[in-house]
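Before any comments, here is the structure.
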Amino acid sequence: MANRNRNRKRKNKQLKEKKIETSKEIKSNKNKEQKLTKVPKEKEVITTPKEKENTAPIKEKKKGSLVTQLLTGSFVVLFALPSVYYFTKISPTHTAQIDKLTKNNQLITAENIAIKKEFETKLSNALKAQKEVEEKEFTDKLKKEMQKSEKLNKELLAKQTKITKLNEQLKANSTNKQRIKEELKKESQKNENLKVELLATQTKVTELEETIKKEAKKKYKLQKQIIFLVTKGKELEDKFKVLKASTSN
1 MANRNRNRKR KNKQLKEKKI ETSKEIKSNK NKEQKLTKVP KEKEVITTPK EKENTAPIKE
61 KKKGSLVTQL LTGSFVVLFA LPSVYYFTKI SPTHTAQIDK LTKNNQLITA ENIAIKKEFE
121 TKLSNALKAQ KEVEEKEFTD KLKKEMQKSE KLNKELLAKQ TKITKLNEQL KANSTNKQRI
181 KEELKKESQK NENLKVELLA TQTKVTELEE TIKKEAKKKY KLQKQIIFLV TKGKELEDKF
241 KVLKASTSN
């Protein structure tokens with residue numbers, strides 16, 4: 001590939017040098033043609049006024065003849081000689097140079113077309129390879145993203161299931177909490193009722209204790225009376241026995 005590039009550069013350089021040489025030749029031929037077609041200037045003749053008067057008719061004739069000669073010479077110089085020179089010398093050279101340049105241009109054009117075609121082929125292959133690589137990278141990336149998305153969806157589903165369970169538990173706990181609150185309220189009410197009953201019971205106990213104390217006092221008095229009566233009864237019985245014994249005697 002490097003050799004081909006060097007050969008191509010060398011050919012292009014040679015073609016450029018040939019073009020420059022051909023251009024120089026064309027320019028040189030044009031300069032020669034311009035030199036050949038130049039008309040020599042007429043020499044000025046200095047005459048006195050008297051000579052002008054004497055030579056006026058002769059000069060008119062000479063002038064007419066000179067003009068005719070000049071026109072003929074000019075025609076020959078301007079048209080005939082250049083045409084002959086052109087068709088005999090310049091035209092073949094120009095034709096050969098033009099053919100040479102045309103051929104060189106055709107070669108350059110063909111080589112440029114080949115280079116362009118090769119470049120387009122390489123570019124197409126490179127773009128195709130790049131596209132395949134990009135498509136593969138995109139496919140791999142898409143696959144990874146899909147796997148990641150699927151994983152995230154599973155995690156999200158698991159979290160949603162967990163959240164649903166937690167909501168159900170929270171709802172159940174809320175129901176239990178409400179039930180417990182109601183039971184606690186009932187128990188508190190019962191406790192208050194028990195406190196009232198306990199207070200009433202304590203009051204009754206206090207009253208009963210007072211009654212018991214009173215009854216104990218009454219019983220104590222009654223026992224004292226009974227003891228007194230028993231003692232008195234025994235004394236009376238003893239007195240009755242003594243009286244009976246004395247009476248029987």
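Under full-length UniProt numbering, the first residue of the sequence shown carries the number 1, and numbering increases by one thereafter. Think of the CB as a built atom: it goes at the ideal place given N, C-alpha and C, for glycine as much as any other residue.
Would you tell me roughly how many angstroms separate the C-alpha atoms of K239 and V230, rounded to the nearest one?
-> In the sequence shown, counting from the first residue as 1, residue 239 sits at position 239. In the sequence shown, counting from the first residue as 1, residue 230 sits at position 230. Cα to Cα, the separation comes out at about 14 Å.
When we look at the beta-carbon of residue 251 and count the other beta-carbons within 10 Å, is it buried (16 or more) or exposed?
-> The structure shown does not extend to residue 251, since the chain spans only 1 to 249, so no value can be given for it.
Please report how far the alpha carbon of L157 lies from the alpha carbon of K141, in whole angstroms.
-> Taking the first residue of the sequence shown as 1, we reach residue 157 at position 157. Taking the first residue of the sequence shown as 1, we reach residue 141 at position 141. Cα to Cα, L157 sits roughly 24 Å from K141.
CA-CA distance, K117 and M146?
-> Taking the sequence shown and counting its residues from 1, one reaches residue 117 at position 117. Taking the sequence shown and counting its residues from 1, one reaches residue 146 at position 146. Looking at the two C-alpha atoms, the distance is approximately 42 Å.
Could you tell me the distance, in whole angstroms, from the CA atom of K38 to the CA atom of T121?
-> Numbered from its first residue, the sequence shown carries residue 38 at position 38. Numbered from its first residue, the sequence shown carries residue 121 at position 121. Note on K38: pLDDT 48, under 50, position unreliable in the model; no value is reported.
Inter-residue Cα distance where the pair is T161 and T175 | The residue given as residue 161 occupies position 161 in the sequence shown. The residue given as residue 175 occupies position 175 in the sequence shown. Answer to the nearest angstrom: the Cα atoms are 21 Å apart.
Contacts around Q106, its chain only, beta-carbon distance under 8 Å, and the 5 residues preceding and following it disregarded | As a working mapping, residue 106 is identified with position 106 in the sequence shown. Nothing meets the Cβ criterion.
If we ignore side chains and look at the alpha-carbon of each, how far apart do D247 and I227 end up?
-> As a working mapping, residue 247 is identified with position 247 in the sequence shown. As a working mapping, residue 227 is identified with position 227 in the sequence shown. The question names Asp, but residue 247 is Thr in the sequence shown. Rounded to whole angstroms, the gap between the alpha carbons of T247 and I227 is 29 Å.
Rounded to a whole number of angstroms, what is the C-alpha to C-alpha distance between E111 and L101?
-> Sequence index remark: in the sequence shown, residue 111 carries index 111 (1-based). Sequence index remark: in the sequence shown, residue 101 carries index 101 (1-based). Looking at the two C-alpha atoms, the distance is approximately 15 Å.
By DSSP, does T48 sit in helix, in strand, or in coil?
-> Mapped onto the sequence shown, residue 48 falls at position 48. The predicted position of T48 is uncertain, since its pLDDT is 49 and thus under 50; a value taken from the coordinates is nonetheless stated next. T48 falls in the coil class under three-state DSSP.
May I have the straight-line CA-CA distance separating K103 from N125, to the nearest angstrom?
-> The count along the sequence shown starts at 1 and reaches residue 103 at position 103. The count along the sequence shown starts at 1 and reaches residue 125 at position 125. Cα to Cα, K103 sits roughly 32 Å from N125.
Around the Cβ of E53, are there at least 16 other Cβ atoms within 10 angstroms (buried) or fewer (exposed)?
-> The residue you call residue 53 lines up with position 53 of the sequence shown. Unreliable placement is indicated for E53, whose pLDDT of 48 sits below 50; the coordinate value is still reported in the next sentence. Exposed, by the Cβ-count rule.
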